[in-house]
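Visitor: After the structure tokens below, expect a handful of questions from me.
Residue numbers (our numbering), protein chains in the order written: chain A, 1 to 337; chain B, 1 to 362.
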């Protein structure tokens, strides 16, 4: 298996402007309290990565208890909102509306330049190498940034582009960018799912559903946040950007490998090309004086130069220790879900 | 099951032997090596001292991993005996030997002959080839390759440093891989400028070769091949009209060439990026599949009567012509290397460079 390190002049503020992010987080937490206030709607879950029943509580955030799997070290919300409650939230909450109307609009150009184009190039390169479903159709699931489709169409790889469950309100923008919104032509050659896995009720069922949509030799391209990442390991429960329902599943690198295998998918790349771990820790500490950092991390951030931070971030990427993870997988011959 | 014999149980021979043992449709039944101790490296295997005895044995294929002064004779003898042949590079000491192999191969078109230009099968090279062939980075503009090793203790006494036995120095021994890769990506080259030197080692062959090559489309490739690269290095840059690839390191058994990676980037002139500092993706590889893939292709060609795809006799001859064009442009091809090596302990200032008369008029 290969893995990837990325160098880029990406800054957190370019893709997540602080004021807009703060408002989105405020709305998400408030809406979570409103949508998921009935304990009867919460369902107990075992490890969503490896299905292990051995897990123990590690911290509580906004009233939700996170537990850690003793087998694969994934961290997850053990009592989580039922699927229908999550669906209601993602259709009707003010947080989701704010994301589509404000967040996406404000960060679209920077994300296209720094992220969507890179996603498309990644997808093209890996599909050239491993894709075995020919020039069929491509679909993005849970589209947040419609400009992705213009970048993917530019590859000239796929006969058609589709969006599945885009953010409410982005359907027209998806169509304008060249993605169909109607019925899917089954099966698909490739599917992308960017930053969706972390808020699925069942990541395994989610991946198996995607697998069923794929043609033999088809590929899945997925990004998510991993608890194996340096910023989350350092900040742990102090990470301000971890909240329900966006982050029900913080799967470890090891857990993700197990999960893909259970879903009948052969992983061809698993990388953590995140560039922001140190910056996220610095921002968290700067905004909240109560955040406690290990002495080494504080020393690194306060006393060492940007070049050292850059090298350190490269080390994290190189060793799959950044919290932004990307995975490319092929529907394996015996992988019918 | 293919019965295979192997000539030479040095480092390369042992690598090949291990792959033959791993492959499900090959078995190593005999080996030849003049060193009596060679038999100890592969317990249970019959090892003869004379490679000619191996040729006469009942074999389907012969793998030649012998010093260069044996290669051509062994390949030709094996072909004449009706054996398929996988031979290490270089394919011979000089063009005449490779031409002789070609004649022998032409007389037995029913047999497969493949030369071990295994770098084509390295993960980084395969990735580069896929990316270039996909066309999204545009057309190749130029290539720059550095391939160097440090020589090491006793290097001056190795057969590789003896012109009579090796035919040439580091260029023929190792630089030939980089030249083969230049051909892999661009095809044949038609023009060569070079300088070849024996800069350090007291040996009768070159320890450094610098060359510029141009193909019919005007694309230029630059090579530095060295055995005074005190830290082993493999580095191949390929710049295209819309981006670039840079292959660094090479996974080997000793890991002395570092981790193998390929950097991929697109030309980036957009606002929001510093000019000349594009976003790069560096892909790292965990394994070296080159030996396995090379043997698999050889076996597939034999079992399914397919033409050899990489490392054909034509590839071998073409790359040998490049090697000898580099020697000849410098004037070093016909005889002993012209730059005389100083003894290792000699700290005196260097002699003024000797310029051969024919070079002064170029």
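Cβ atoms here follow ideal geometry from the backbone N, Cα and C, with glycine treated the same way.
Please read all numbers here as calculations on a predicted model, not as lab measurements.
Can you pull the chain B residues whose beta carbon is under 8 Å from the beta carbon of residue 211 (chain A), in chain order?
Guide: Ordered by position in chain B, no residue passes the 8 Å Cβ test against residue 211 (chain A), which lies about 25 Å from the chain.
Visitor: Taking residue 54 (chain A) as the reference, give the member of A:60, A:62 and A:45 with the closest Cα.
Guide: Ranking A:60, A:62 and A:45 by Cα distance to residue 54 (chain A) puts A:45 first.
Visitor: For residue 104 (chain B), which residues in the same chain have their Cβ closer than 6 Å to its Cβ, ignoring the five residues on either side in sequence?
Guide: Excluding sequence neighbours, residue 104 (chain B) sits near 76 and 79.
Visitor: According to DSSP, what are the bridge partners of residue 265 (chain B)?
Guide: B:244 and B:280.
Visitor: Going along the segment 273 to 284 of chain B in order, which residues come within less than 9 Å of chain A, judged by CB to CB distance?
Guide: Listed by position, the residues of the segment 273 to 284 of chain B near chain A (Cβ gap below 9 Å) are 273, 274, 277, 278, 279, 280, 281, 282, 283 and 284.
Visitor: If we ignore side chains and look at the alpha-carbon of each, how far apart do residue 130 (chain A) and residue 285 (chain B) end up?
Guide: One C-alpha to the other measures close to 15 Å.
Visitor: Leaving out five residues before and five after residue 332 (chain A) in sequence, what residues of the same chain have Cβ atoms less than 8 Å from its Cβ?
Guide: Cβ within range, chain order: 264, 265 and 266.
Visitor: Determine whether the beta carbon atoms of residue 271 (chain A) and residue 96 (chain A) lie at a separation below 8 Å.
Guide: Taking 8 Å as the Cβ cut-off, residue 271 (chain A) and residue 96 (chain A) do not qualify as a contacting pair.
Visitor: Measure the CB-CB distance between residue 299 (chain A) and residue 62 (chain A) and report whether it falls below 8 Å.
Guide: No, Cβ-Cβ distance for residue 299 (chain A) and residue 62 (chain A) is not below 8 Å.
Visitor: At the 8 Å Cβ level, is residue 134 (chain B) part of the contact set with chain A, yes or no?
Guide: By this cut-off, residue 134 (chain B) is an interface position.
Visitor: With DSSP run on the structure shown, which of helix, strand or coil describes residue 138 (chain A)?
Guide: Here residue 138 (chain A) sits in strand by DSSP.
Visitor: Taking 8 Å as the limit between beta carbons, can you name the residues of its chain near residue 108 (chain B), skipping five residues before and five after?
Guide: Excluding residues within five positions, the ones whose Cβ falls inside 8 Å are 79, 80 and 82.
Visitor: Going by the CB atoms, is the gap between residue 106 (chain A) and residue 166 (chain A) shorter than 8 Å?
Guide: It is not a contact, given that the beta carbons lie outside the stated cut-off.
Visitor: Drop a sphere of 10 angstroms on the beta-carbon of residue 25 (chain B), count the other beta-carbons inside from all chains shown, and report buried for 16 or more, exposed for fewer.
Guide: That one is exposed.
Visitor: Between the C-alpha atoms of residue 99 (chain A) and residue 32 (chain A), what's the straight-line distance to the nearest angstrom?
Guide: Cα-Cα distance, rounded: 15 Å.
Visitor: Taking the straight line between their C-alpha atoms, what separation do you get for residue 113 (chain B) and residue 312 (chain B)?
Guide: Taking the straight line joining both Cα atoms gives about 7 Å.
Visitor: Against residue 4 (chain A), what residues of chain B qualify as contacts under a CB-to-CB distance less than 8 Å, listed in chain order?
Guide: Under the 8 Å cutoff, chain B gives 281, 282, 283 and 284.
Visitor: Considering only C-alpha positions, which residue in the set A:281, A:125 and A:93 is nearest to residue 219 (chain A)?
Guide: Minimum Cα distance to residue 219 (chain A) is reached at A:125.
Visitor: Within the 8 Å Cβ cut-off, does residue 371 (chain B) reach chain A?
Guide: Beyond the ends of chain B as shown, which are 1 and 362, falls residue 371 (chain B); an answer cannot be given.
Visitor: Within the 8 Å Cβ cut-off, does residue 249 (chain A) reach chain B?
Guide: No, no contact with chain B.
Visitor: Could you name the residues of the segment 7 to 19 of chain A whose beta carbon sits closer than 7 Å to any beta carbon of chain B, in the order they occur along the chain?
Guide: Residues passing the 7 Å Cβ filter: 7, 8 and 9.
Visitor: Just confirm the distance between the C-beta atoms of residue 119 (chain B) and residue 290 (chain B), as a whole number of angstroms; I'd bet it's less than 8 Å.
Guide: Confirmed, about 7 Å.
Visitor: From the beta carbon of residue 131 (chain B), is the nearest beta carbon of chain A less than 8 Å away?
Guide: Taking Cβ atoms only, chain A reaches closer than 8 Å to residue 131 (chain B), which makes this a yes.
Visitor: Got a sec? Which residues, its chain only, sit under 8 Å from residue 240 (chain B) by beta carbon, not counting five neighbours each side?
Guide: Hits under 8 Å: 132, 137, 138, 139, 140 and 141.
Visitor: For residue 129 (chain B), list the residues DSSP reports as bridge partners.
Guide: Its beta-bridge partners do not exist; DSSP assigns none.
Visitor: Got a sec: is the Cβ-Cβ distance from residue 1 (chain A) to anything in chain B below 8 Å?
Guide: With 8 Å as the cut-off, residue 1 (chain A) counts as an interface residue toward chain B.
Visitor: Can you grab the Cα-Cα spacing for the pair residue 207 (chain A) / residue 50 (chain A), in whole Å?
Guide: Approximately 13 Å between the Cα atoms of the pair.
Visitor: Comparing alpha-carbon positions, which option in A:325, A:113 and A:116 lies nearest residue 252 (chain A)?
Guide: The residue with the shortest Cα to Cα distance from residue 252 (chain A) is A:325.
Visitor: Exposed or buried, which one is residue 336 (chain B) when buried takes at least 16 other CB atoms within 10 Å?
Guide: Low confidence applies to residue 336 (chain B): its pLDDT is 41, below 50, so where it sits in the model is not reliable enough to give any reading.
Visitor: Could you spell out the range, first to last residue, of the beta strand (DSSP E) harbouring residue 305 (chain A)?
Guide: From DSSP, residue 305 (chain A) is part of no beta strand (DSSP E); its letter is neither H nor E.
Visitor: Under three-state DSSP, which class holds residue 28 (chain A)?
Guide: Reduced to three states, the DSSP call for residue 28 (chain A) is helix.
Visitor: Note down the Cα distance separating residue 126 (chain B) from residue 280 (chain B), rounded to an integer number of angstroms.
Guide: Spanning the two alpha carbons is a distance of roughly 19 Å.
Visitor: Examine the Cβ distances between the segment 36 to 44 of chain A and the segment 73 to 90 of chain A and report whether three or more of them are shorter than 8 Å.
Guide: The segment 36 to 44 of chain A, when compared against the segment 73 to 90 of chain A, does touch it at the 8 Å Cβ threshold.
Visitor: Just the chain B side, please: which residues come within less than 7 Å of residue 118 (chain A) by C-beta, in chain order?
Guide: Correct list: 279.
Visitor: So the alpha helix (DSSP H) residue 385 (chain B) belongs to, where does it begin and stop?
Guide: The first residue shown for chain B is 1 and the last is 362, placing residue 385 (chain B) beyond what the model contains.
Visitor: Taking Cβ positions only, does residue 319 (chain A) come closer than 8 Å to chain B?
Guide: No, residue 319 (chain A) lies away from the interface with chain B (no Cβ there is under 8 Å from its Cβ).
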